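K.L.:
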Amino acid sequence: MQVDSDFSDDEDLNYSPFSAMRVPPDLAFELDSDDEPKNPPIQLAHTRRLRERLPPDEATKVEAVLIYMDTLSLNLPIFLDLLSWGDQVCVQNMKINHERTALMVSEELPSILERWYKPPRSQGSTSVRAEGARPVLEREAFDCVARVVEEELDGVKDSMRCPAEDLSTEGLTSFQIEDLMLKLKRDTDKNPDLVEKSRSHHNSRFAKLLTTFLRSQGTPAKSIDLLRAFGLTMSHQWSVRALNKISENEMAKVREMVQTLLFVITHDNGNIPFRVFSQRLDNQSHFDSGTASTVFFQPNAPPEPPLCNRTLQEFHAQGRKTPLTVNELYDLSQRRVQFRLISTA
Numbered sequence: 001m002q003v004d005s006d007f008s009d010d011e012d013l014n015y016s017p018f019s020a021m022r023v024p025p026d027l028a029f030e031l032d033s034d035d036e037p038k039n040p041p042i043q044l045a046h047t048r049r050l051r052e053r054l055p056p057d058e059a060t061k062v063e064a065v066l067i068y069m070d071t072l073s074l075n076l077p078i079f080l081d082l083l084s085w086g087d088q089v090c091v092q093n094m095k096i097n098h099e100r101t102a103l104m105v106s107e108e109l110p111s112i113l114e115r116w117y118k119p120p121r122s123q124g125s126t127s128v129r130a131e132g133a134r135p136v137l138e139r140e141a142f143d144c145v146a147r148v149v150e151e152e153l154d155g156v157k158d159s160m161r162c163p164a165e166d167l168s169t170e171g172l173t174s175f176q177i178e179d180l181m182l183k184l185k186r187d188t189d190k191n192p193d194l195v196e197k198s199r200s201h202h203n204s205r206f207a208k209l210l211t212t213f214l215r216s217q218g219t220p221a222k223s224i225d226l227l228r229a230f231g232l233t234m235s236h237q238w239s240v241r242a243l244n245k246i247s248e249n250e251m252a253k254v255r256e257m258v259q260t261l262l263f264v265i266t267h268d269n270g271n272i273p274f275r276v277f278s279q280r281l282d283n284q285s286h287f288d289s290g291t292a293s294t295v296f297f298q299p300n301a302p303p304e305p306p307l308c309n310r311t312l313q314e315f316h317a318q319g320r321k322t323p324l325t326v327n328e329l330y331d332l333s334q335r336r337v338q339f340r341l342i343s344t345a
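Residue numbers for the sequence shown follow the UniProt record's numbering, beginning at 1 and rising by one.
Below, the structure written as structure tokens:
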């Protein structure tokens, strides 16, 4: 199908809310519960045993560890950075790898992050709560949500994609709500179509389908543009160009099919009203008369014999030489009456 280069969807801005996110490839993850380990790791059981044997003087041991870190020219931020994949040598060290895994799978990690986000106040304290790591965790939480949404949208982008070259009857009617529901079965809290369209104006199959329907029902241009402002439809200008392009594509298809398939053409006269809501001397409501025709194709009909039209013309010429007489016309009418009586008996 040939598509004009000036026909595009560029008036719908290609706004991408998550385009500024730089996600390292090694941080890709899945939230599918099927990928979770069946058996708890050994580090988790080891941490539980250590907590059960934890003495009451916990602060003394924590202080001793911090003092020893000072002798090694380390503090807690540097230690956590090196422990958390911050150095290639630390990544390859078996002991560090074991302890890092123990932290990642521990039952304490969620409560640690929670206290970092909202540090508890001492009992009876009226001072302002410490800020903790709230700003950092909020930014990271937004980044995590953005990555999860991006991954979910990548899974359904093929269903939503409808570029300009697919603007045809097949392209608009191939959208199946049931198929989309199956793909979004576990995404019931999201509206993927609106977010997909915010990523790219080409991911707007549902918006284009809805715009075409509203345009065919005579929806005013201002109403369509209002719905576009909410992200539900394309613009009115796009709908005008789209209907013109669909008409051109269908007429090209008709011209191609009449060369190979049997067809029947019906036509009738019609009056088309052109209403103008803001009338001027050179722009007023009026009627135009024309002829509307419809071409019906028979794709499964057997092909016509090569000399079918020639044979018909020969019978017409022979009939004009020997026209029916009055008596023959009367006999034919009587036979028709008898046949009708027999068929209704």
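Here a beta-carbon is modelled for each residue, glycine too, at the ideal position from N, C-alpha and C. Note that this is a predicted model, so its numbers are computed, not measured.
Going straight from the alpha carbon of R199 to that of P135, what length do you get?
P.N.:
In the sequence shown, the residue the question calls residue 199 occupies position 199. In the sequence shown, the residue the question calls residue 135 occupies position 135. Legend: pLDDT at R199 = 49, less than 50; position of this residue unreliable, no value from coordinates given.
K.L.:
Counting pairs of Cβ atoms below 8 Å between the stretch 133 to 151 and the stretch 105 to 119, do you hit three or more?
P.N.:
yes
K.L.:
DSSP on P303, reduced to helix/strand/coil?
P.N.:
Working through the sequence shown from its first residue, we reach residue 303 at position 303. Under the three-state reduction of DSSP, P303 is assigned to coil, being neither helix nor strand.
K.L.:
Where does W85 land, buried or exposed, given buried means 16+ other C-beta within 10 angstroms?
P.N.:
The sequence position of residue 85 within the sequence shown is 85, counting from 1. W85 comes out exposed.
K.L.:
In three-state terms, what does DSSP make of D268?
P.N.:
For the purposes of this step, residue 268 is identified with residue 268 of the sequence shown, where counting begins at 1. Strand, per DSSP.
K.L.:
Unbroken beta strand (DSSP E) runs of length 3 or more, entirely within the stretch 219 to 290: which are they?
P.N.:
262 to 274
K.L.:
Tell me, to the nearest whole angstrom, how far the beta carbon of F277 is from that of H286; I am working on the premise that it is less than 8 Å.
P.N.:
Taking the sequence shown and counting its residues from 1, one reaches residue 277 at position 277. Taking the sequence shown and counting its residues from 1, one reaches residue 286 at position 286. Going by Cβ atoms, the distance from F277 to H286 rounds to 14 Å, so no, they are not a contact pair.
K.L.:
Specify the secondary structure class of residue 353 as computed by DSSP and reduced to three states.
P.N.:
Lying before the first or after the last residue shown, residue 353 is absent from the chain, which here runs from 1 to 345.
K.L.:
In whole angstroms, give me the CA-to-CA distance for N309 and G218.
P.N.:
Position 309 of the sequence shown, counted from the first residue, corresponds to residue 309. Position 218 of the sequence shown, counted from the first residue, corresponds to residue 218. Using only the alpha carbons, I get a separation of about 44 Å.
K.L.:
How do the stretch 262 to 270 and the stretch 290 to 305 stand: do at least 3 beta-carbon pairs fall below 8 Å, yes or no?
P.N.:
Because the criterion of three Cβ pairs below 8 Å is met, the stretch 262 to 270 and the stretch 290 to 305 touch.
K.L.:
According to DSSP, is Q88 part of a helix, a strand, or is it coil?
P.N.:
Counted from its first residue, the sequence shown places residue 88 at position 88. The answer is helix: DSSP assigns Q88 an H, G or I state.
K.L.:
Helix, strand or coil, according to DSSP, for S293 in the structure here?
P.N.:
The sequence position of residue 293 within the sequence shown is 293, counting from 1. Strand at S293.
K.L.:
Provide the residue(s) that pair with Q298 in DSSP beta bridges, ordered along the chain.
P.N.:
In the sequence shown, the residue the question calls residue 298 occupies position 298. Paired residue(s): L262.
K.L.:
What is the DSSP secondary structure of Q123, counted as helix, strand or coil?
P.N.:
Sequence index remark: in the sequence shown, residue 123 carries index 123 (1-based). Three-state DSSP puts Q123 in coil, outside helix and strand.
K.L.:
Roughly how many angstroms lie between the CA atoms of N269 and E248, to the nearest whole one?
P.N.:
Mapped onto the sequence shown, residue 269 falls at position 269. Mapped onto the sequence shown, residue 248 falls at position 248. The straight-line gap from Cα to Cα measures roughly 22 Å.
K.L.:
Sort E52, L66 and L243 by Cα distance to R215 and report the nearest one.
P.N.:
Numbered from its first residue, the sequence shown carries residue 215 at position 215. It is L243.
K.L.:
Buried or exposed: M234, going by 16 or more other Cβ atoms within 10 Å of its Cβ?
P.N.:
The residue given as residue 234 occupies position 234 in the sequence shown. So M234 ends up on the buried side.
K.L.:
Note down the Cα distance separating G319 from S289, rounded to an integer number of angstroms.
P.N.:
For the purposes of this step, residue 319 is identified with residue 319 of the sequence shown, where counting begins at 1. For the purposes of this step, residue 289 is identified with residue 289 of the sequence shown, where counting begins at 1. G319 and S289: Cα-Cα distance of roughly 39 Å.
K.L.:
Going by other Cβ atoms of all chains shown within 10 Å of its Cβ, with 16 needed for buried, is I42 buried or exposed?
P.N.:
What you label residue 42 is simply residue 42 of the sequence shown in a count that begins at 1. By the 10 Å Cβ count, I42 comes out exposed.
K.L.:
In three-state terms, what does DSSP make of residue 384?
P.N.:
No answer is possible for residue 384: it lies beyond the span of the chain, which begins at 1 and ends at 345.
K.L.:
What residues in its chain sit with their C-beta under 8 Å from that of R22, if we drop five residues either side in the sequence?
P.N.:
Start at 1 with the first residue of the sequence shown, and residue 22 comes out as number 22. Only weak support is given to the placement of R22: the predicted model assigns it a pLDDT of 42, under 50, and the value that follows is read from those uncertain coordinates. Cβ within range, chain order: n/a, list empty.
K.L.:
If you drop the 5 nearest sequence neighbours on each side, which residues of the same chain put their C-beta closer than 8 Å to that of F79?
P.N.:
Numbered from 1 along the sequence shown, position 79 holds the residue referred to as residue 79. Taken in chain order, the residues that qualify are M69.
K.L.:
Check whether the Cβ atoms of S106 and L44 lie closer than 9 Å to each other.
P.N.:
The residue you call residue 106 lines up with position 106 of the sequence shown. The residue you call residue 44 lines up with position 44 of the sequence shown. It is a contact, given that the beta carbons lie within the stated cut-off.
K.L.:
I believe R139 touches R129 by the beta-carbon criterion, under 8 Å. Please report the beta-carbon distance rounded to the nearest angstrom.
P.N.:
In the sequence shown, counting from the first residue as 1, residue 139 sits at position 139. In the sequence shown, counting from the first residue as 1, residue 129 sits at position 129. That pair is no contact at about 19 Å.
K.L.:
Using the Cα positions of P323 and Q334, report the straight-line distance between them to the nearest angstrom.
P.N.:
Numbered from its first residue, the sequence shown carries residue 323 at position 323. Numbered from its first residue, the sequence shown carries residue 334 at position 334. The straight-line gap from Cα to Cα measures roughly 19 Å.
K.L.:
Helix, strand or coil for A133 per DSSP?
P.N.:
In the sequence shown, the residue the question calls residue 133 occupies position 133. Note: A133 maps to coil in three-state DSSP.
K.L.:
Please list the terminal residues of the continuous alpha helix (DSSP H) segment that includes E63.
P.N.:
Here the question's residue 63 lines up with position 63 in the sequence shown. Where E63 is concerned, the enclosing alpha helix (DSSP H) stretches over E58 to T71.
K.L.:
CB L103 to CB L83, shorter than 9 Å?
P.N.:
On the sequence shown, position 103 is the one that residue 103 refers to. On the sequence shown, position 83 is the one that residue 83 refers to. It is a contact, given that the beta carbons lie within the stated cut-off.
K.L.:
Taking the alpha helix (DSSP H) that E114 belongs to, which residues open and close that run?
P.N.:
Taking the first residue of the sequence shown as 1, we reach residue 114 at position 114. Counting along the chain, the alpha helix (DSSP H) containing E114 begins and ends at E108 to Y117.
K.L.:
Residues in the same chain with beta-carbon distance under 7 Å from T71, minus the five sequence neighbours each way, listed in chain order, please.
P.N.:
One-based indexing of the sequence shown puts residue 71 at position 71. Counting only Cβ-Cβ distances below 7 Å, and skipping sequence neighbours, we find nothing.
K.L.:
Can you find the residues in the same chain that come closer than 8 Å, C-beta to C-beta, to Q338, ignoring five residues on each side of it along the sequence?
P.N.:
Taking the sequence shown and counting its residues from 1, one reaches residue 338 at position 338. If you ignore the 5 residues before and after Q338, its C-beta comes within less than 8 Å of no other C-beta in its own chain.
K.L.:
Would you decide whether L27 is buried or exposed? Buried here means 16 or more other CB atoms lie within 10 Å of its CB.
P.N.:
Counted from its first residue, the sequence shown places residue 27 at position 27. Summary for L27: the model assigns pLDDT 40, below 50, so the residue's position carries little reliability; its value from the coordinates is reported in the next sentence. With fewer than 16 Cβ atoms within 10 Å of its Cβ, L27 is classed as exposed.
K.L.:
Answer with buried or exposed for S73, where buried requires no fewer than 16 other C-beta atoms within 10 angstroms of its C-beta.
P.N.:
Looking up residue 73 in the sequence shown gives position 73. S73 should be labelled exposed.
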